[in-house]
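Right, one structure below, let's go through it.
Protein chains: 2
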Amino acid sequence: MSGELVRDSVVIGDRTEASQIYNKGYYGYNLSGGGLELELLEALYLVESSRLEVTSDGRVLTLAELTAAAAAAHRDFEIKYIVYRDLRQRGYVVKSAGEDFDFRVFPRGGTPTTSTTKYWVAAISERAILNMADFMNDLDRSERTRKELLLALVDEEGDLTYYRADRNEPKGRLDEQWDGKAVPASLLEDRVLVFDEGGSERLHHHGFYGKHIGNVLQLSLLETAHLLEKGWITVSSITASRKLSSSRFMKHALKFQPDFKLRLAAYRDLRARGLVVKTGFKYGTHFRVYEDDPEKIHARYLVHALPEDNKSTWPEMSRAVRLAHGVKKEILFAWVREQGTEYLRLVRVRP
Amino acid sequence: MSGELVRDSVVIGDRTEASQIYNKGYYGYNLSGGGLELELLEALYLVESSRLEVTSDGRVLTLAELTAAAAAAHRDFEIKYIVYRDLRQRGYVVKSAGEDFDFRVFPRGGTPTTSTTKYWVAAISERAILNMADFMNDLDRSERTRKELLLALVDEEGDLTYYRADRNEPKGRLDEQWDGKAVPASLLEDRVLVFDEGGSERLHHHGFYGKHIGNVLQLSLLETAHLLEKGWITVSSITASRKLSSSRFMKHALKFQPDFKLRLAAYRDLRARGLVVKTGFKYGTHFRVYEDDPEKIHARYLVHALPEDNKSTWPEMSRAVRLAHGVKKEILFAWVREQGTEYLRLVRVRP
Chain A
5 MSGELVRDSV VIGDRTEASQ IYNKGYYGYN LSGGGLELEL LEALYLVESS
55 RLEVTSDGRV LTLAELTAAA AAAHRDFEIK YIVYRDLRQR GYVVKSAGED
105 FDFRVFPRGG TPTTSTTKYW VAAISERAIL NMADFMNDLD RSERTRKELL
155 LALVDEEGDL TYYRADRNEP KGRLDEQWDG KAVPASLLED RVLVFDEGGS
205 ERLHHHGFYG KHIGNVLQLS LLETAHLLEK GWITVSSITA SRKLSSSRFM
255 KHALKFQPDF KLRLAAYRDL RARGLVVKTG FKYGTHFRVY EDDPEKIHAR
305 YLVHALPEDN KSTWPEMSRA VRLAHGVKKE ILFAWVREQG TEYLRLVRVR
355 P
Chain B
5 MSGELVRDSV VIGDRTEASQ IYNKGYYGYN LSGGGLELEL LEALYLVESS
55 RLEVTSDGRV LTLAELTAAA AAAHRDFEIK YIVYRDLRQR GYVVKSAGED
105 FDFRVFPRGG TPTTSTTKYW VAAISERAIL NMADFMNDLD RSERTRKELL
155 LALVDEEGDL TYYRADRNEP KGRLDEQWDG KAVPASLLED RVLVFDEGGS
205 ERLHHHGFYG KHIGNVLQLS LLETAHLLEK GWITVSSITA SRKLSSSRFM
255 KHALKFQPDF KLRLAAYRDL RARGLVVKTG FKYGTHFRVY EDDPEKIHAR
305 YLVHALPEDN KSTWPEMSRA VRLAHGVKKE ILFAWVREQG TEYLRLVRVR
355 P
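Residue numbers (my numbering), protein chains in the order written: chain A, 5 to 355; chain B, 5 to 355.
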């Protein structure tokens, strides 16, 4: 079968050929006067699979020439083509999505006439920068249409990784009630020690704060800042008895941890959701997060905090997802904004 | 038993008590005039485990007072103490290592009088910065003494992760021989396509370059730069026929990948070692590396390239080790220097 390159599409004039191509895979768009108009990536896919020839000025174009024409007409054509081709080979009917996303994909076995869209698909180069504000905006547009958003990441060698993106509202089972008296604690460089055994006991009991090193409870800087804000502890330097104010302590913490405020905001929000939050250092993320007593259950989430103006690279995101997957936890990106913290979940999927 | 705080150590004058303490765990250093001198962390450990009281001016010090004295006398005392304590609890005899490292550790069941050192141990806060040049220097000092170097990383909550560090010389089984004629390839934004089927075949056969997308072989920018240097391919823009020089191509690649030179240097070195190198995007590292045909065997290594003046944070390193461990691969850090590329291997261990 044969089509003619007309500007940035390929037109199949012969009605029989046109309906054959359309009916077997729902390629192209039927023209009102009869015939079919194919997008360049549809045409290229049909040429690659030897189902079509494309001519221009009466001459059959080579695959190289057709690719060149497509590359000249569309930015990032190759990225989109790799994704289109892969989804088609997985047996999906794939159509361009117009303004909003790159593609829409119908459920397996579904067609544009019998089904509604299953996924919106964004074809993304691993070299693209992820701007959180834009991304969350896209995600919300997708969720408003009640479709899943599928990210198709194309690496430098043309391999594909798919992620499903959605918002998440993590929730724990902790209900912290405190019974009054603040526990004295001693600051020692970048950690804080509670020598008072009764106090240690209470802090550990009400929210699983700290870690016992012998009889001494050790609090991290984050735990300390949070407990100071709540008024559950007082902090003095271990070598002097004068108490530190919350803001004085904050200044101290910032010396050790330049992104302390970001982390603390995410920590505070997770705690307010009844979750138990511990460091994610071992996993290279900010936090591991438990729905209940960390000595009784495994952490359900790994959480990484991102600032409001965050711009991440995809290899960073990919790494975090992979890592969480490897330890059977969910990765949440905590987007810390002025108006509150929002959670993005990315899950690796095989569509 | 009881000792007296004397400046930054604790002295046990009573000879019977001194030899009891020394013989059960090899704590302290025998004084020439009799008695025993304990380092503060030894003393603190013995106090914590209720085997010792420390007095000052005739008064017994609390654990808090002794900790304060130790913190005043030694920088990062708490980090060192957490490591010391953990190794002791694992049943090792641990002694200070003097100038070189923090501790030396004897083989399990071994003592300073019957065994030589098994590990040098460096106690490191997760907040410390890893300066590659200094670190490799330490590693070499350790290897010269034929001891293993153990890194004890203390996270903000006082949890410990141990890494064994060594140099590595990865080696593959590939012997690339090329038979002459350069293959023409077409540049399309951030990838390069080979439409010539015979040429595709040869490139894939001689070193497993590229990835087939249908009949077209797609090369990454790195593969292209490497093959251009070797003279195995020629590259033209897909929309123009003029050939690109190696340096012109390099400029193009740098637009897409600011750290392209660093990656290419590591890539080149790994290839020269007979290894097959593919992108590590899925794992969030630079490369996954095979000793032979990537379609027949799993990648043995994940490799991350670091520049000569590299300063990394420990959470980054930790993440890479964890990730490699999760997918049953070894992580190598390729330290790209003027005089060549060197490899650091980190393995998570439980001592």
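For glycine and all other residues, C-beta sits at the position ideal for the given N, C-alpha and C.
Treat the numbers as computed from the prediction; the structure is a model and nothing was measured.
Using a Cβ cut-off of 8 Å (strictly closer), state whether residue i contacts chain A.
i                      : result
residue 229 of chain B : no
residue 63 of chain B  : no
residue 161 of chain B : yes
residue 330 of chain B : yes
residue 238 of chain B : no
residue 322 of chain B : yes
residue 76 of chain B  : yes
residue 247 of chain B : no
residue 273 of chain B : no
residue 282 of chain B : yes
residue 106 of chain B : no
residue 181 of chain B : no
residue 260 of chain B : yes
residue 356 of chain B : Here chain B covers residues 5 to 355 and nothing more, so residue 356 of chain B does not appear.
residue 72 of chain B  : yes
From the DSSP secondary-structure annotation, give me the bridge partner or partners of residue i.
i                      : result
residue 157 of chain A : A/128, A/165
residue 302 of chain B : According to DSSP, which records beta bridges pairwise, residue 302 of chain B is partnered with nothing at all.
residue 358 of chain B : Within the shown structure, residues of chain B are numbered from 5 to 355, placing residue 358 of chain B beyond reach of any answer.
residue 135 of chain A : A/315
residue 151 of chain A : Its beta-bridge partners do not exist; DSSP assigns none.
residue 216 of chain B : B/221
residue 291 of chain B : B/283, B/307
residue 170 of chain A : A/349
residue 13 of chain A  : A/10, A/43
residue 247 of chain A : A/240
Using 8 Å for Cβ pairs, my map puts residue i next to residue j. What's the rounded Cβ distance?
i                      : j                      : result
residue 44 of chain A  : residue 12 of chain A  : 6 Å
residue 33 of chain A  : residue 41 of chain A  : 5 Å
residue 126 of chain A : residue 156 of chain A : 7 Å
residue 167 of chain A : residue 350 of chain A : 5 Å
residue 186 of chain B : residue 225 of chain B : In fact, because the Cβ distance is near 18 Å, the residues do not count as touching under 8 Å.
residue 285 of chain B : residue 322 of chain A : 6 Å
residue 72 of chain B  : residue 243 of chain A : 6 Å
Starting from residue i, trace the beta strand (DSSP E) both ways and give me its first and last residue.
i                      : result
residue 339 of chain A : 334 to 341
residue 41 of chain A  : 40 to 43
residue 222 of chain A : 220 to 223
residue 83 of chain B  : Here residue 83 of chain B belongs to no beta strand (DSSP E); instead the alpha helix (DSSP H) covers 81 to 93.
residue 8 of chain A   : 6 to 10
residue 345 of chain A : 344 to 353
residue 265 of chain A : Not the beta strand (DSSP E): residue 265 of chain A falls in the alpha helix (DSSP H), residues 264 to 276.
residue 251 of chain B : No beta strand (DSSP E) holds residue 251 of chain B; the alpha helix (DSSP H) holding it covers 250 to 260.
residue 59 of chain A  : 57 to 60
residue 98 of chain A  : 98 to 100
Looking at the C-beta of residue i, does it have a partner C-beta in chain B at a distance below 8 Å?
i                      : result
residue 218 of chain A : yes
residue 154 of chain A : no
residue 149 of chain A : no
residue 215 of chain A : yes
residue 279 of chain A : no
residue 130 of chain A : yes
residue 199 of chain A : yes
residue 222 of chain A : yes
residue 68 of chain A  : yes
residue 286 of chain A : yes
residue 266 of chain A : no
residue 190 of chain A : yes
residue 165 of chain A : yes
In the DSSP assignment, find the alpha helix (DSSP H) that holds residue i and state where it starts and stops.
i                      : result
residue 195 of chain A : Here residue 195 of chain A belongs to no alpha helix (DSSP H); instead the beta strand (DSSP E) covers 195 to 198.
residue 26 of chain A  : 19 to 27
residue 112 of chain B : Unbroken run through residue 112 of chain B: none, as it is neither H nor E.
residue 201 of chain B : 201 to 209
residue 69 of chain A  : 67 to 77
* So, do the region 170 to 180 of chain A and the region 263 to 283 of chain A have three or more beta carbon pairs nearer to each other than 8 Å? -> yes
* **the region 194 to 210 of chain A contacting the region 55 to 72 of chain B, beta-carbon criterion three pairs below 8 Å** => yes
* **Inter-stretch contact at 8 Å, needing at least 3 Cβ pairs: the region 109 to 116 of chain B / the region 282 to 294 of chain B** => no
* **contact_flag[the region 325 to 333 of chain B, the region 135 to 151 of chain B] where n(CB pairs < 8 Å) is 3 or more** => no
* Three or more beta-carbon pairs under 8 Å between the region 143 to 161 of chain A and the region 215 to 231 of chain B, yes or no? -> yes
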